[in-house]
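As structure tokens, the structure follows; a few thoughts come after it.
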Amino acid sequence: MLGMRLLLPFCAGLGLVGCIAYPAPVPYAAGPYGTAPVYVEPAPPPARVYVAPPPRRHWVPRRCDAWGRCWGGYWR
Numbered sequence: 000m001l002g003m004r005l006l007l008p009f010c011a012g013l014g015l016v017g018c019i020a021y022p023a024p025v026p027y028a029a030g031p032y033g034t035a036p037v038y039v040e041p042a043p044p045p046a047r048v049y050v051a052p053p054p055r056r057h058w059v060p061r062r063c064d065a066w067g068r069c070w071g072g073y074w075r
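The opening position of the sequence shown corresponds to residue 0 in numbering that gives the first Met the number 0, with each subsequent residue numbered one higher.
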């Protein structure tokens with residue numbers, strides 16, 4: 000049991016030996032593909048333009064007699 004207590008800190012110390020403190024990070028150098036793309040803000044949407052609504056449908060009779068009575072027809 001005593002050997003285990005002495006062995007554990009020794010193994011932990013060996014594990015920490017692998018951790019090396021690196022110097023400050025290397026400044027960024029452009030890669031083989033050139034520089035990073037530059038962000039360009041998208042253009043604002045175009046101004047709204049008034050468009051007339053579609054015309055309403057109306058009934059077109061097919062046949063009318065002399066007295067103004069009509070029958071048949073269709074919506075246009």
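For each residue, glycine too, the CB sits at the ideal point set by N, CA and C.
Nearest by alpha-carbon distance to residue i: which of the options is it?
i	options	result
residue 53	4, 9, 75	75
residue 62	41, 55, 71	71
residue 57	64, 66, 73, 45	73
Using three-state DSSP, classify residue i as helix, strand or coil.
i	result
residue 61	strand
residue 68	coil
residue 45	coil
When DSSP builds the beta bridges, which residues end up paired with residue i?
i	result
residue 73	59
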